[in-house]
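A short write-up of the structure that comes next.
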Amino acid sequence: MKNRSYKAEKVIELLGKKLNRQIVGSLAACVHCGMCTEMCHYVLTNPDDPTYAPAYKGDQLRKIFKRHYDWTGRVFPWWVKAKSVYTDEDLEALKDTVFGKCTNCRRCTINCPMGVDLASFNRMARGLLVSVGIMPEGVAVVSKDQWEIGNQMGVLKEDYLDTLEWMEEELQDELEDETVKIPVDKMNCDVVYSINPREVKYDPRTIADAAKIFHFAGENWTMPSEGWDMTNFGLFSGDDDLGGSVGRRLYEKVEELRGKKLVISECGHGYRSTRCEAPNWGKLDVPFEMESSVITMLRYIKEGKIKVDKTRNQEPVTFHDSCNNARSCGLFDEPRELLNLVVTDFREMYPNKAENYCCTGGGGAMSMTEYTPRRLKSAKIKADQLTATGAKIVVTSCHNCVDGLTDLIRHYKLDIKVAQLVNLTANALVIPEKISLPEEAAVKRIPEPSTDNVLAGKKILIADDEPDILTFFSTVLEDNGAEVITALNGKEAVELIRKEKPDLVTLDLNMPEMDGGKVFEILRKDPELADIPVCIITGRPELRRLIYDRPVKAPEGYLDKPVDEDTLIINIRKILEVKKHSSK
Amino acid sequence: MSDALHFAEHTLQEIALIFMAVVYIIRLLWIFHFKAGRDRQAPTGAFNTTPAKGALYSLANIMMPWGMESTRKKPLFYIQFVIFHLGVVSAILLSFIIPYGPSLLESQFIAAILHSSIGLACLVGCIRMIRRITKPVMRAISSPDDYFSLALLTAWFFFAFWAVPNNTQNGETILLIYFWMTAFFLIYVPFSKISHYLYYPITRYYLGKTLGHRGVYPFKRSNRPEVVNH
């Protein structure tokens with residue numbers, strides 16, 4: 001008898017504990033008819049590789065189940081291709097399939113004549129591997145952040161609160177109205193608004209847009225100071241404990257604030273996790289109502305609480321249904337209804353609703369950088385789907401999809417922008433008469449930095465060993481009015497910082513001569529340089545811990561490459577604005 | 585009728601049926617000893633969907649080829665599926681008609697229906713076998729049981745086709761082979777993928793219940809937009 005590794009033994013044992021009737025049915029029922037094959041975006045872009053076929057992927061867990069829990073497989077394993085796992089390498093191979101070849105989009109499930117729910121047991125397989133520490137590095141990092149810091153992007157509480165404050169000020173400036181607030185921890189509100197940490201880090205305008213809508217709807221609302229992250233990496237990692245814990249943190253905060261309803265900003269997996277799955281993972285009965293912000297915005301318009309003018313959004317728009325929203329939560333009619341109220345030219349992509357193809361960034365794929373080439377190859381299906389619409393904007397109610405679509409649009413060089421419903425609704429919002437603004441100001445989006453000299457008078461040092469990155473960052477920052485100094489290695493960066501005393505430093509982590517972590521520590525320990533804001537920009541997000549664990553003040557920003565122009569400017573502006581306010 | 589054929593038509597079939605029923609009961613007890621997952625959350629999606637509606641829709645899904653893209657886009661494949669399964673029903677019926685109601689086969693109409701459905705199913709079985717052998721994806725997902733089950737059914741159809749006239753004047757070989765194969769089939773089924781019909785109501789019920797609770801079932805298929813000239 002073959003020896004089995006400890007991890008393999010554990011996976012088999014845990015599999016037995018996790019089996020429920022639905023999963024057993026799905027594992028036992030597949031007849032290998034092959035009907036699911038062409039329903040998967042991975043197969044369509046890899047037609048000659050049968051290992052992408054959903055039935056084949058399902059068999060990688062099914063064979064273990066059959067070998068240990070199904071009678072034919074236990075007696076005649078070869079007859080039904082039942083096979084156990086023995087080594088850690090076997091588990092690594094399973095990892096490659098369940099994390100790297102499936103986004104858990106559930107498209108095969110709804111096309112299976114037998115009703116085999118591959119996505120559910122693929123998630124379970126992920127959970128089994130995670131429980132023995134076998135997972136992509138990005139999944140480990142994000143899960144750890146969500147366990148420890150409370151959100152999946154490691155956004156610190158002060159960064160979150162600073163961003164809310166900054167957005168509040170931007171809104172007040174834009175609307176010339178100091179009564180516009182982003183309330184935090186207000187008790188007894190009708191709406192508690194939860195968001196995705198990506199909004200804090202990469203897209204704060206969505207927070208401002210939502211705040212604007214709540215304000216003009218006259219909503220009694222608040223945002224929680226903690227437990228504000230409605231995303232849940234437990235859905236992607238298959239870790240029910242993490243999933244339940246994240247949900248509990250959010251629900252408890254709403255109860256503590258005595259909120260009547262939890263509104264979940266536009267995020268597919270966040271909505272599915274918070275609204276549908278976390279109560280099951282955590283065995284929780286949630287006592288308050290929860291709804292997607294899409295439904296909230298639509299209700300405001302229908303009830304006449306806000307008025308919109310669709311002629312402000314005249315570019316052709318298409319809608320991408322997030323898999324989690326459409327296929328797992330039935331949220332597909334409301335976004336369309338809302339879109340038709342706020343844009344003039346809405347075009348369906350095909351297929352759509354619950355039959356839509358995955359953005360290819362789902363299932364946590366964006367955090368698994370080792371599978372990026374596969375992901376982008378499979379994204380050809382989505383690129384063709386988008387192109388066929390002729391739309392200039394693709395709208396999606398999911399932050400994961402925003403990232404997935406943005407990446408594929410860049411990769412396939414499509415002339416399409418990505419937006420969310422909150423952006424278009426805020427843009428279409430008719431500002432009530434008493435505080436009406438000149439037309440130009442009323443339609444101004446927050447922030448629109450690229451055409452202004454928003455960084456005028458600021459000296460910024462960029463340290464990165466990749467000349468292309470240096471050129472790109474320099475161009476973007478100089479176009480926005482900044483004076484830019486560049487350094488190609490850590491040692492040079494320290495010398496230039498001492499000499500030039502910049503207003504802000506962007507630091508790559510992997511650099512020759514002296515790495516970015518060391519540079520960062522030198523800056524923080526030097527009393528003369530310690531106050532210079534630092535934004536880490538790295539292609540190795542998993543190294544975050546090396547920075548945050550240092551016994552010095554955390555960096556003011558932390559971005560993962562690739563970074564686009566808007567994200568760079570938004571974050572640099574945010575850091576400088578926060579610095580300005582804190583030194584007042 | 586020889587004793588051998590009488591045994592094959594009656595005693596052998598009864599033993600095989602009892603065996604199959606016992607094994608199926610054990611199988612069902614096994615699957616039901618696993619606890620079913622529970623949906624605690626409030627319903628989502630369209631207000632007019634419910635878990636019961638979803639479950640009903642899901643169970644009937646296979647009879648709605650327009651309901652799934654996989655069947656909608658491959659009508660010929662779906663027709664093959666229908667023919668194959670009607671052939672199974674006919675061949676099973678035949679195994680009861682011959683011993684218990686042979687006079688039914690005197691009707692040209694009934695005989696023609698059985699003949700054509702079983703014959704066509706045999707043809708589909710051959711097509712399916714070629715597909716399973718020649719397509720790399722099908723080879724990759726197939727186990728010996730998949731090949732054997734398909735071959736067994738196709739061969740069974742073949743002998744059922746020739747057994748339809750229930751004519752022993754030219755010898756009993758065909759009928760003997762058909763009934764022995766039927767008995768083997770009944771005994772083998774619970775251990776093979778052919779028993780999928782036992783799981784079908786379970787997987788379909790639970791998937792439908794969940795997706796009904798979440799407003800996904802009854803399913804709204806995507807509408808193909810009108811062609812836009814860009």
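Order-wise, the sequence lines are chains Y and C.
For what it's worth, our numbering labels the leading residue of the first sequence as 1, then goes sequentially.
For what it's worth, our numbering labels the leading residue of the second sequence as 585, then goes sequentially.
Just so it is clear, CB atoms sit at the ideal spot from N, CA and C, and this is done for glycine as well.
Source: prediction; values computed, not measured.
Any C-beta of chain C under 8 Å from that of residue i
| i | result |
| --- | --- |
| ILE110 of chain Y | yes |
| PRO224 of chain Y | no |
| LEU461 of chain Y | no |
| SER5 of chain Y | no |
| PRO113 of chain Y | yes |
| MET39 of chain Y | yes |
| CYS36 of chain Y | yes |
| VAL443 of chain Y | Bear in mind that the predicted position of VAL443 of chain Y carries a pLDDT of just 47, short of 50, making it too unreliable to give a figure here. |
| GLN22 of chain Y | yes |
| LEU353 of chain Y | The residue asked about is misnamed: residue 353 of chain Y is Lys in this sequence, not Leu. Yes - at least one Cβ of chain C is within 8 Å of the one on LYS353 of chain Y. |
| CYS359 of chain Y | no |
| PRO555 of chain Y | no |
Counted within 10 angstroms of its Cβ, other Cβ atoms place residue i as buried (16 or more) or exposed
| i | result |
| --- | --- |
| LYS17 of chain Y | exposed |
| VAL484 of chain Y | buried |
| GLY133 of chain Y | exposed |
| ARG374 of chain Y | buried |
| MET647 of chain C | exposed |
| GLU178 of chain Y | exposed |
| ALA696 of chain C | exposed |
| ASP190 of chain Y | exposed |
| ASP730 of chain C | buried |
| ILE446 of chain Y | Confidence is the limiting factor: at ILE446 of chain Y the pLDDT is only 47, short of 50, which leaves the residue's position unreliable, though a coordinate-based value still follows. Answer is buried; the Cβ neighbour count reaches 16. |
| THR318 of chain Y | buried |
| PRO224 of chain Y | buried |
| TYR790 of chain C | buried |
| ARG808 of chain C | exposed |
Residue i: CB within 7 Å of a non-hydrogen atom of the ligand NAD
| i | result |
| --- | --- |
| GLY268 of chain Y | Judged by which ligands are present, the structure shown has none, so any question about the ligand NAD falls away. |
Nearest-angstrom beta carbon gap, residue j and residue i [assumed within contact, 8 Å]
| i | j | result |
| --- | --- | --- |
| SER397 of chain Y | GLY268 of chain Y | 7 Å |
| SER273 of chain Y | ASN232 of chain Y | 3 Å |
| PHE743 of chain C | MET722 of chain C | Wrong, their Cβ atoms sit about 26 Å apart, outside the cutoff. |
| LEU19 of chain Y | PHE618 of chain C | 6 Å |
| ALA379 of chain Y | LEU408 of chain Y | 4 Å |
| LYS637 of chain C | GLY796 of chain C | 5 Å |
| ASN196 of chain Y | SER265 of chain Y | 6 Å |
| GLY247 of chain Y | ALA278 of chain Y | 2 Å |
Interface flag, residue i vs chain Y, CB-CB below 8 Å
| i | result |
| --- | --- |
| ALA744 of chain C | no |
| TYR772 of chain C | no |
| HIS780 of chain C | yes |
| MET652 of chain C | yes |
| GLY703 of chain C | no |
| LYS637 of chain C | no |
| MET648 of chain C | no |
Proximity below 8 Å, CB of residue i to CB of residue j
| i | j | result |
| --- | --- | --- |
| ALA29 of chain Y | THR787 of chain C | yes |
| ASP209 of chain Y | VAL422 of chain Y | yes |
| LEU782 of chain C | TYR608 of chain C | yes |
| LEU523 of chain Y | ILE536 of chain Y | no |
| THR425 of chain Y | ALA463 of chain Y | no |
| VAL192 of chain Y | LEU257 of chain Y | yes |
| GLY404 of chain Y | GLY362 of chain Y | yes |
| LEU376 of chain Y | PHE473 of chain Y | no |
| PHE65 of chain Y | LEU27 of chain Y | yes |
| PHE745 of chain C | ILE702 of chain C | yes |
| THR360 of chain Y | THR103 of chain Y | yes |
| SER642 of chain C | TYR762 of chain C | no |
| ILE416 of chain Y | LEU455 of chain Y | no |
| SER322 of chain Y | VAL139 of chain Y | no |
| GLY127 of chain Y | ASP229 of chain Y | no |
Uninterrupted beta strand (DSSP E) stretches inside the segment 174–198 of chain Y (no shorter than 3 residues) | 191–194
Start-end ranges of the alpha helix (DSSP H) lying completely within the segment 444–494 of chain Y, minimum 4 residues | 467–479
Any chance you could list the beta strand (DSSP E) runs of at least 3 consecutive residues sitting entirely within the segment 546–576 of chain Y, in chain order?
-> 557–560
Fully enclosed by the segment 81–154 of chain Y, which alpha helix (DSSP H) runs are 4 residues long or longer?
-> 88–100, 107–110, 118–131 and 137–148
Which runs of the beta strand (DSSP E), 3 residues or longer, sit entirely within the segment 209–267 of chain Y?
-> 261–264
Could you pull out every unbroken alpha helix (DSSP H) segment of at least 4 residues lying fully inside the segment 366–407 of chain Y, listed in chain order?
-> 372–378 and 380–389
At what residue ranges does the segment 306–341 of chain Y contain a whole run of the beta strand (DSSP E), taking only runs of 3 or more?
-> 317–320
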